[in-house]
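**Q**
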Amino acid sequence: MGLVTGACFAKLGNTVICTDSDKTKIKALKKGDVPIYEPMLKGIIRKYRRMKRLIFVDTIEEAIKSAKVIFICVGTPSRENGEADLSNIEKVCHEIARHMHSYKLIVEKSTVPVQTGEWVKDTIRFFRKKKVKFDIACNPEFLREGSAIKDFMRPDRVVIGVETKKAKKLMLKLYKPLKAPMSITTIKGAEIVKHAANAFLATKISFINEISNICEATGADVVEVARGIGMDKRISENFFNAGIGFGGSCFPKDVDAFIHICDKLGHPFRLLEDVKRINIQQKHVFIDKIRRSLNGKIKGKKICVLGLSFKPDTDDMRNAPSLDIIKKLLNEKAVVKAYDPQAMEKAGEELGDKRVKFCEDAYSAARGCDCLAIVTEWNEFKKINLKKIKKLLKRPVIVDGRNIYDPAVMKKSGFMYTGIGRRI
Ligand code: UGA
């Protein structure tokens, strides 16, 4: 998120100086290497590095020396109890306080619990060397991995939480070129907007996943049902796909953090606890489908897993449903062959289990398998040569966790096909 934000602000005409505590990343970026896969990002970074509008430096001191606006984009991971761990924010605040010598607008871009802004302000006020003036703002980011540049450059809205006129003016100036709808709130308001927006989207996914189970129990089709519900503009068909549950570095963490902060504030958010429960359950639903497709026995069966990243067009494996699914299959003594267009290296590191055989493409992964499981809906799987796959599989069994195929077509092609909440 930090890298995308930096690159996009450079593209908007600013000079951006980026730094990170991970020096290997800075070293790579200085050479023009981009440590993550994100469509269009590499090109933008190369172009603006060349124009010296995007600069990578080793220390915060260097980064903030001439900067007027400082975006804090550090990670806020979950602690064991679900609470957001703000130690990275704290460290950065100390550094900023120590090194600032002129007015700064310090912007929370990282996702943080409500009231963090107040704490950031107090921390910087306490640790600053001289009485250097500063403002705090909260500017949550809504970009999605895989479409991050597009989301940044063409957002539905930009939310800005501020408490002074100067901060508001500076933030509006920065975002002016985007011509996006602006929502100006208090700092606390913007902090809640971010957590609540992710919690709402996660709720939408768990809602449709629960509906998919009802569809399955009754012979209805969740794709038709989701369409019927979503055609109401107030609900919308977007982001309403049943599947194996949400993953990634944001929803699971933010749902946990929001539950935690609401508890702390004395307003337990029970609905979100159910959203989380349904999300965990959905992975079991998927494993059960695989088991049923193998006549009740996973042990000793060869299973092909297509897709490992938590969603397509990224190599991000953080909280990817594939991790839990593969671990469960291995626990039940299955032989797992896997393929992903981008995430195999990271998946290998995350899983750390030599029993998973990573393959060079979907076809070699399918060869000799008793069942093929679709876990991430990469485009190349939608366009796959199904005739070839059928020949390669030991049994023509497909369990589709992302509903990328049409059940009728699959049946006609001779597959034993199971989707999520689909009418067969
Ligand atoms: C999410 C939000 O969509 C962004 O708006 C937000 O800025 C970001 O978190 C963040 O807080 O930084 P992201 O995690 O990149 O973005 O990915 P999403 O596209 O939201 O997908 C999250 C998960 O939900 C994925 O595992 C995806 O497979 C799942 N999903 C999504 C579904 O199961 N069904 C859907 O209909 C949509």
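Add 107 to a position in the sequence shown, counting from 1, and you land on the number used in the numbering used here.
All C-beta atoms, glycine included, are put in the ideal place defined by N, C-alpha and C.
These numbers come from a predicted model, not from an experiment.
(1) Cα separation between S313 and R235?
(2) Which residues bound the alpha helix (DSSP H) around S290?
(3) When you compare each of I433, L499, D129 and C245 to A469 by their alpha carbons, which one comes out closest?
(4) Taking only the alpha-carbon atoms, compute the straight-line gap between Q389 and C200 and give it to the nearest angstrom.
(5) Three or more beta-carbon pairs under 8 Å between the stretch 242-253 and the stretch 322-333, yes or no?
(6) Suppose the cutoff is 7 Å on Cβ atoms and the five residues either side in sequence are ignored; what does the same chain contact list for K453 look like?
(7) Looking only at C-alpha atoms, which of R264, F241 and N195 sits nearest to K272?
(8) Would you mind reading off the limits of the alpha helix (DSSP H) that contains I143?
(9) Comparing C-alpha positions only, which one of K275, C411 and G521 sits nearest to S290?
(10) Sorted by chain position, which residues of the same chain lie with C-beta nearer than 8 Å to I167's C-beta, five sequence neighbours on each side aside?
(11) Going by alpha carbons, who is nearest to K308 out of I151, N345, R153 and L281?
(12) DSSP on Q463, reduced to helix/strand/coil?
(13) Is it the case that the Cβ atoms of N426 and G521 are separated by a distance below 8 Å?
(14) Would a C-beta distance cut-off of 8 Å place N320 and G528 closer than the cut-off?
(15) Quick one: complete beta strand (DSSP E) runs, 3+ long, within the stretch 111-184?
(16) Could you please give the first and the last residue of the uninterrupted alpha helix (DSSP H) stretch that includes V332?
(17) At 4 residues or longer, what runs of the alpha helix (DSSP H) sit wholly inside the stretch 422-474?
(18) With a threshold of 7 Å, establish whether the CB of E169 neighbours any heavy atom of the ligand COA.
(19) How would you write the range of the alpha helix (DSSP H) that M278 sits in, first residue to last?
(20) Whose CA, out of K518, S185, D477 and Y446, lies closest to the CA of V463?
(21) What did DSSP end up calling K495 once you bin it into helix, strand or coil?
(22) Give, in chain order, every unbroken run of the beta strand (DSSP E) that is at least 3 residues long and sits entirely within the stretch 178-218.
(23) Quick check on D513: does DSSP put it in helix, strand or coil?
(24) With respect to 7 Å, is the separation between the Cβ of T218 and the closest non-hydrogen atom of the ligand UGA below this value?
(25) Should Y210 go down as buried or exposed, given a rule of 16 or more other Cβ atoms within 10 Å for buried?
(26) In chain order, what residues of the same chain lie with their CB nearer than 7 Å to the CB of V181, ignoring the 5 residues before and after it?
(27) Can you tell me which of the three DSSP states V239 falls into?
(28) Jot down the residue ranges of each uninterrupted alpha helix (DSSP H) in the stretch 319-399, minimum 4 residues, whole runs only, in chain order.
(29) Based on Cα-Cα distance, which residue from F116, G296 and E190 lies nearest to K159?
(30) What residues in its chain sit with their C-beta under 6 Å from that of D363, if we drop five residues either side in the sequence?
(31) Where do the ends of the beta strand (DSSP E) carrying I410 lie?
(32) Round the Cβ separation of I397 and A473 to the nearest angstrom and send it over; I've been treating them as touching at under 8 Å.
(33) Does the distance between the C-beta of G189 and the nearest non-hydrogen atom of the ligand UGA fall short of 7 Å?
(34) Closer than 7 Å by C-beta to Y144: which residues in its own chain qualify, once you throw out the five before and the five after it? Chain order, please.
(35) In whole angstroms, what is the alpha-carbon distance linking N402 and I410?
(36) Among I179, R399, E215 and K440, which residue has its Cα nearest to the Cα of I294?
**A** Considering the structure as presented:
(1) 45 Å
(2) If you look at S290, you'll find it isn't in any alpha helix (DSSP H); it sits in the beta strand (DSSP E) that goes M289 to T292.
(3) L499
(4) 39 Å
(5) no
(6) Excluding sequence positions up to five before and after K453, its CB lies within less than 7 Å of the CB of D422 and M424, all in the same chain and listed in chain order.
(7) Of R264, F241 and N195, the residue nearest in Cα terms is F241.
(8) Segment: none, I143 is in no alpha helix (DSSP H) and carries neither H nor E.
(9) K275
(10) T126, V199, E202, I203 and H206
(11) Here residue 308 turns out to be Leu, not Lys, going by the sequence shown. For L308, the nearest C-alpha among the options comes from N345.
(12) Checking the displayed sequence, the identity of residue 463 turns out to be Val instead of Gln. Coil.
(13) no
(14) yes
(15) 123-125, 161-163 and 176-179
(16) V329 to G337
(17) Qualifying alpha helix (DSSP H) stretches, in chain order: 428-438, 451-458 and 469-473.
(18) This structure lacks the ligand COA; its bound ligands are the ligand UGA.
(19) K272 to Y282
(20) Y446
(21) Helix, per DSSP.
(22) 211-215
(23) In the structure shown, D513 falls within a coil segment according to DSSP collapsed to helix, strand and coil.
(24) yes
(25) Counting every other CB atom within 10 Å of its CB across the protein chains shown gives Y210 a total below 16, marking it as exposed.
(26) N195, I196, V199 and S217
(27) coil
(28) 329-337 and 358-371
(29) F116
(30) S185 and G189
(31) K409 to L413
(32) About 15 Å; that fails the 8 Å criterion.
(33) Look at G189: its beta carbon is at least 7 Å from all of the heavy atoms in the ligand UGA.
(34) T421, D422 and Q449
(35) Inter-residue distance for N402 and I410 is about 14 Å (C-alpha atoms, whole angstroms).
(36) E215
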